[in-house]
Amino acid sequence: MSKEALLIIDMLKDFVEEGSPLEVPTARAIIPRIRKRIKEAREKGMPVIYICDAHREDDEEFESWPKHAIMGTRGSEVVDELKPQEKDFMVKKRRYSGFLGTDLELLLRELKVEKLNIVGILTNICVFFTAAEAAMRGFKVTVYSDSVASLSEKENEFALDQLKRVLKVEVVE
Numbered sequence: 030m031s032k033e034a035l036l037i038i039d040m041l042k043d044f045v046e047e048g049s050p051l052e053v054p055t056a057r058a059i060i061p062r063i064r065k066r067i068k069e070a071r072e073k074g075m076p077v078i079y080i081c082d083a084h085r086e087d088d089e090e091f092e093s094w095p096k097h098a099i100m101g102t103r104g105s106e107v108v109d110e111l112k113p114q115e116k117d118f119m120v121k122k123r124r125y126s127g128f129l130g131t132d133l134e135l136l137l138r139e140l141k142v143e144k145l146n147i148v149g150i151l152t153n154i155c156v157f158f159t160a161a162e163a164a165m166r167g168f169k170v171t172v173y174s175d176s177v178a179s180l181s182e183k184e185n186e187f188a189l190d191q192l193k194r195v196l197k198v199e200v201v202e
């Protein structure tokens, strides 16, 4: 059996909390399911890895999006309901993919991880690009469709369909 890890993508206060700069209202609905997946992963001894936006104050991304998840701010923290534990891992990213400019792949190789189970937001942006890049790097990838969210159902369904059909990512509920 291949060693697995759970990736929790961008479940941050600046995305999840009501009135936050880049609020994703549907993100609040998936919190209970993500909590359950975290609990199951920990019970199995599976590494739990939080992939989190962490921008500089003057990040170029703010030319396209409102300021959000600025390093060291409250908004860049994981929501309280999903708080990381001491033995969990945190990977900070500045772009959509959890791999671009981070040590995620090195961490996964050191942990001997071959399969990634992905939850979080946004299905069509950060979840999509992280899952796509993982698949292209040779990892087996599962995305839990009941534990991801986008700003619209159309975007969500399109991203899941592309992951499944084009990249052969396993999409399960």
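Residue numbering for the sequence shown follows this note's numbering, starting at 30 and increasing by one per position.
Even glycine gets a Cβ: it sits at the ideal position worked out from N, Cα and C.
Using DSSP's beta-bridge definition, name the partner residues of residue i.
i: Thr171; result: Asn146 and Glu199
i: Val108; result: Its beta-bridge partners do not exist; DSSP assigns none.
i: Ile78; result: Leu36 and Phe118
So, under 8 Å CB-CB, residue i and residue j are touching, yes? Tell me the CB distance rounded to an integer number of Å.
i: Pro95; j: Pro54; result: Their Cβ separation, rounded to whole angstroms, is 16 Å, which puts Pro95 and Pro54 out of contact at 8 Å.
i: Val120; j: Ile59; result: Contact flag wrong, Cβ pair sits at about 20 Å.
i: Ala178; j: Ala56; result: 5 Å
i: Phe187; j: Glu162; result: Phe187 to Glu162, Cβ: 18 Å. No contact.
i: Asp175; j: Glu134; result: With a Cβ gap of about 27 Å, Asp175 and Glu134 do not count as contacting.
Using the Cα positions of residue i and residue j, report the straight-line distance between them to the nearest angstrom.
i: Asp88; j: Tyr173; result: 30 Å
i: Glu92; j: Leu192; result: 28 Å
i: Arg62; j: Met165; result: 27 Å
i: Lys122; j: Glu69; result: 25 Å
i: Arg103; j: Lys42; result: 7 Å
i: Asn153; j: Ser105; result: 20 Å
i: Lys141; j: Met75; result: 11 Å
i: Ala195; j: Phe44; result: Reading off the sequence shown, one finds Val at residue 195, where the question assumed Ala. Rounded to whole angstroms, Val195 to Phe44 spans 28 Å at the Cα level.
i: Glu184; j: Ala160; result: 16 Å
i: Ser16; j: Gly101; result: For residue 16 there is no data in the structure shown, the boundaries of the chain being 30 and 202.
i: Ile67; j: Glu90; result: 30 Å
i: Leu137; j: Gly48; result: 35 Å
Give me, in chain order, the residues of the same chain whose beta-carbon lies closer than 8 Å to that of residue i; leave out the 5 immediate sequence neighbours on both sides.
i: Glu72; result: none
i: Pro113; result: Val77, Tyr79, Val107 and Met119
i: Thr171; result: Lys144, Leu145, Asn146, Ile147, Val198, Glu199, Val200 and Val201
Between residue i and the rest of its own chain, which residues show a CB-CB distance below 7 Å, the 5 nearest in sequence each way excluded?
i: Glu143; result: Ser31, Lys32, Phe168 and Lys169
i: Glu86; result: Ile99
i: Asp190; result: none
Going by alpha carbons, who is nearest to residue i out of the options?
i: Phe158; options: Val198, Phe44 and His97; result: Val198
i: Leu36; options: Glu52, Ile99, Arg64 and Val195; result: Arg64
i: His84; options: Pro113, Asp132 and Tyr125; result: Tyr125
i: Ile147; options: Glu47, Glu110, Ile80 and Glu186; result: Ile80
i: Asp109; options: Asp190, Val200 and Glu46; result: Glu46
Considering only residues of the same chain and omitting the five flanking positions on each side of residue i, which have a CB-CB separation below 6 Å?
i: Asp39; result: Asp82, Gly149, Ile150 and Cys155
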